[in-house]
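One structure below.
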């Protein structure tokens, strides 16, 4: 793995777009979201020749602007791939003065034929595949009560089901992982697992992650069906403020050593292990295909901190020292670790760059260091090495947002665009053949890459 081809690769096709996230690909089609002057459009592009098959406007829904807007593909019970998203609709007469009413829409990925269009709703968690990887699931809010309803749309029959047989949770809840929900009732936050319409367990979030733990300040969870396991981290509130709208209007400081990475049994909620002073956000962009979480042999990674603080909002670190750790996901035991190093931001420790989980990049005095996640073996990147560096993507929010405009202005959070870069994270003209294996969106022998101003297809070697 540490030996990477440095032969330059040319795109076999390129489309001029302004992507806001990496595409999802299936059945020879790449689904990409691109920004326009006034919003976002979904484009379905042929993986073979780069020709556009169809396009549709997309609305972010109430999950904006903080939750990344990225493409979503699911399947019908017959196995057809379907793109699912939201579109703006007129508000009903009893709108309670709330804006951003949307309809959930499902479109056949290969033809663009509309398969389903729902009624106007206040959709909070956007349409996506249900936890069995079929059909379309999302949550909506009641305009009057502000309580949550889970929906499951059978895309073959075109029927929308709700109620306890779909999700028995009540009150206010949101999806935070595969079948994993945050539930807030009487000011207390619980994590709950729902599968096939049954609640398997519920646990206080602070009992799992410690005092001050709350998904209101962010979350990241990985799910392994193979290991019956969740691994995750949540934000830590270091203040006594419980109104999170007011909390995020101020600046506060978090002790990095108070973060935790926790592994717990997906079927029971039993906490299996805790890694103190660590978090999983830094590795949220790292793939898991080649790791022990799926069918590979590589160890997943987390970041650990010996000391330091983080300023929120923002990512400025003060007096921080950290390391990258490869660990056994079943036990949390460290299997290898990099040398502790002073850091000023998360990207100094784990460089955002896609991979299948068998490689990560960390910073070094002269540039990047490549780490083999199977063994922890590493080498400094050479001047011939080419990688993929990421750049955060934003998009213009629709007008009349039902929440205050964010500090960065009228912009929502997308995913990221990628660009070929050298060991000093400077852009290079083209990716290398060795870089193509890092691109997560591959199909029919073509790797599809979303850059800042284009979508490109590269033939895999």
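Residue numbers (the working numbering): 1392 to 1852.
Even glycine gets a Cβ: it sits at the ideal position worked out from N, Cα and C.
Going by DSSP, residue 1827 is part of the alpha helix (DSSP H) stretching over 1824 to 1827. The beta-carbon distance between residue 1720 and residue 1615, rounded to whole angstroms, is 7 Å. This is short enough to meet the 8 Å contact definition. Residue 1685 has no beta-bridge partner at all, per DSSP.
With distances taken between CA atoms, residue 1428 lies nearest to 1790 out of 1620, 1713, 1698, 1790.
Residue 1557 sits in coil when the DSSP states are folded into three classes, being neither helix nor strand. In the DSSP assignment, residue 1576 forms a beta bridge with 1579. Note: residue 1444 is not bridge-paired with any residue in the DSSP secondary-structure output.
With fewer than 16 other Cβ atoms inside 10 Å of its own Cβ, residue 1730 counts as exposed.
Across the set 1402, 1514, 1684, the C-alpha of 1402 shows the shortest separation from the C-alpha of residue 1820. The three-state secondary structure of residue 1422, taken from DSSP, is strand. In its chain, beyond the 5 residues on either side, 1492, 1493, 1494, 1511 have a beta carbon closer than 7 Å to the beta carbon of residue 1480.
Apart from sequence neighbours up to five positions away, the residues of its chain that approach residue 1437 with a beta-carbon distance below 7 Å are 1419, 1420, 1444, ordered along the chain. Straight-line spacing of the CA atoms in residue 1803 and residue 1476 works out to 16 Å. Spatial neighbours of residue 1613 in its own chain (CB-CB distance under 6 Å, excluding positions within 5 residues in sequence) are listed in chain order as 1622.
Assignment of residue 1454 by DSSP, reduced to helix, strand and coil, places it in the helix class. Just measuring C-alpha positions, the residue of 1712, 1749, 1747 sitting nearest residue 1733 is 1712.
Secondary structure at residue 1747: coil, using DSSP grouped into helix, strand and coil.
Listed in chain order, the non-local C-beta contacts of residue 1710 below 8 Å within the same chain comprise 1698, 1699, 1700, local neighbours out to five positions each way being set aside. Annotation note: the segment 1765 to 1852 contains the following uninterrupted alpha helix (DSSP H) runs of length 4 or greater, listed N- to C-terminal: 1824 to 1827. If you draw a straight line from the Cα of residue 1578 to the Cα of residue 1595, it is about 11 Å long. DSSP places residue 1615 outside any alpha helix (DSSP H); the residue lies instead in the beta strand (DSSP E), whose first and last residues are 1604 to 1615. Sequence-distant Cβ neighbours of residue 1814 in its own chain, meaning closer than 8 Å and more than five residues away, are 1757, 1758, 1759, 1771, 1772, 1773, 1774, 1776, 1778.
Note that the C-beta distance between residue 1654 and residue 1592 is not below 8 Å. Secondary structure at residue 1525: coil, using DSSP grouped into helix, strand and coil.
In this structure, residue 1811 places its C-beta atom within 8 Å of the C-beta atom of residue 1826.
In the structure shown, the three-state DSSP call for residue 1665 is strand.
For residue 1655, the enclosing beta strand (DSSP E) stretches over residues 1651 to 1656. A residue is called buried when at least 16 other Cβ atoms come within 10 angstroms of its Cβ; residue 1794 does not meet this threshold and is exposed. Looking at the DSSP output, residue 1694 shares a beta bridge with 1670, 1715. In this structure, DSSP gives residue 1625 an extended state, which the three-state scheme calls strand. In this structure, DSSP gives residue 1634 a state outside helix and strand, which the three-state scheme calls coil. The criterion of a C-beta distance shorter than 8 Å is satisfied by residue 1765 and residue 1690.
Collapsing the DSSP output to three states places residue 1641 in coil. One alpha carbon belongs to residue 1542, the other to residue 1662, and they sit about 29 Å apart.
Of 1818, 1749, 1463, the smallest CA-CA separation from residue 1520 is found for 1463.
Close CB contacts of residue 1555 within its chain, under the 8 Å cut and outside five residues either way in sequence, are with 1588 (chain order).
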